[in-house]
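The working numbering puts the first residue of the sequence shown at 1, with every later residue one more than the last. Have a look at the structure below before the remarks.
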Amino acid sequence: MIQLNSNRLEEYITLREELIQSLAHSRNILNATATFMVASFAWYFGQAHEGRIAVSGFAIFLYLVLMLSMLLYTVTANQAFRVGAYIAVFWESRDSDRRLAWHRLNRRGPSGSFRIPNVASIVYFTAGVTVSALLGQSILARTARQFEPLVTVAMVGFVQIFLSLNISRYLREQRNYFEREWRRISESPALQSQIHDDYETIPSRIMLP
Numbered sequence: 001m002i003q004l005n006s007n008r009l010e011e012y013i014t015l016r017e018e019l020i021q022s023l024a025h026s027r028n029i030l031n032a033t034a035t036f037m038v039a040s041f042a043w044y045f046g047q048a049h050e051g052r053i054a055v056s057g058f059a060i061f062l063y064l065v066l067m068l069s070m071l072l073y074t075v076t077a078n079q080a081f082r083v084g085a086y087i088a089v090f091w092e093s094r095d096s097d098r099r100l101a102w103h104r105l106n107r108r109g110p111s112g113s114f115r116i117p118n119v120a121s122i123v124y125f126t127a128g129v130t131v132s133a134l135l136g137q138s139i140l141a142r143t144a145r146q147f148e149p150l151v152t153v154a155m156v157g158f159v160q161i162f163l164s165l166n167i168s169r170y171l172r173e174q175r176n177y178f179e180r181e182w183r184r185i186s187e188s189p190a191l192q193s194q195i196h197d198d199y200e201t202i203p204s205r206i207m208l209p
């Protein structure tokens with residue numbers, strides 16, 4: 001019985017560490033993105049005016065980097081919420097063992113000034129608006145014939161900014177979805193049996209996490 005409890009606690013700790021690592025990875029993505037944006041602007045404005053690359057090319061490159069970063073961040077944070085929801089439903093819900101209350105207390109206890117998804121929205125929104133300001137300044141200095149490439153890039157920027165404002169809402173919805181689905185599975189022995197049967201008989205293929 002002691003061995004069983006020890007194994008159970010070890011699995012719980014492994015899942016908790018995976019959750020912590022995913023959250024740390026998502027923070028690293030934000031830090032790297034912010035550092036890259038500052039370095040990119042410092043490099044751009046450090047060039048002689050006549051030697052700078054086109055504003056439209058610089059801006060579209062930054063927008064694409066931001067979108068890729070947003071995708072990586074969202075996938076990583078989504079995985080953290082998936083694991084966290086599993087811990088909440090299968091390990092900590094109604095569990096009297098105080099050692100298994102880490103996620104429960106961390107979720108419901110006092111929080112800091114910002115939650116990670118909100119910080120992500122701030123980082124990506126601020127970066128997108130900064131690039132848009134550079135574009136706007138350039139548009140004001142151009143003639144009508146030179147508007148087209150800048151306006152096209154600005155439209156990409158609007159998409160990036162819109163997506164940045166919806167990261168928090170999307171991740172909250174995903175967290176709630178994972179918790180509902182894990183709870184549905186936990187309350188259905190038939191569904192659990194089906195999942196085990198499918199796992200044993202499913203054909204080989206690439207499995208995404």
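A virtual CB, placed ideally from N, CA and C, is assigned to each residue, including glycine.
- Its Cα nearest to that of S168, the residue F125 stands out among A24, A54, F125.
- Apart from sequence neighbours up to five positions away, the residues of its chain that approach A85 with a beta-carbon distance below 7 angstroms are R175, F178, E179, W182, ordered along the chain.
- For N176, the enclosing alpha helix (DSSP H) begins and ends at 167-186.
- If you ignore the 5 residues before and after V156, its C-beta comes within less than 7 angstroms of the C-beta of I60, Y63, all in its own chain and listed in chain order.
- The shortest CA-to-CA distance from A80 to any of R52, L30, M70, I20 is the one to I20.
- Burial state of I87 is buried, judged by a 10 Å Cβ sphere holding 16 or more other Cβ atoms.
- Taken through DSSP and simplified to helix, strand or coil, S93 comes out as coil.
- The alpha-carbon separation between A77 and L71 amounts to approximately 10 angstroms.
- Straight-line measurement puts the Cα of E11 at about 14 angstroms from the Cα of A101.
- A101 carries a coil assignment under DSSP once its states are collapsed to helix, strand and coil.
- For the pair A154 and L135, the CB atoms are nearer than the 8 angstroms cut-off.
- Collapsing the DSSP output to three states places Q47 in coil.
- For R82, the enclosing alpha helix (DSSP H) begins and ends at 55-86.
- C-alpha of Q137 to C-alpha of V83: approximately 45 angstroms in a straight line.
- Within the same chain, L62 come within 7 angstroms of S40 by CB-CB distance, once the 5 residues on both sides are set aside.
- The alpha-carbon separation between I195 and V38 amounts to approximately 48 angstroms.
- Look at R27 here: in three-state DSSP terms it is helix.
- Straight-line measurement puts the Cα of H103 at about 7 angstroms from the Cα of E92.
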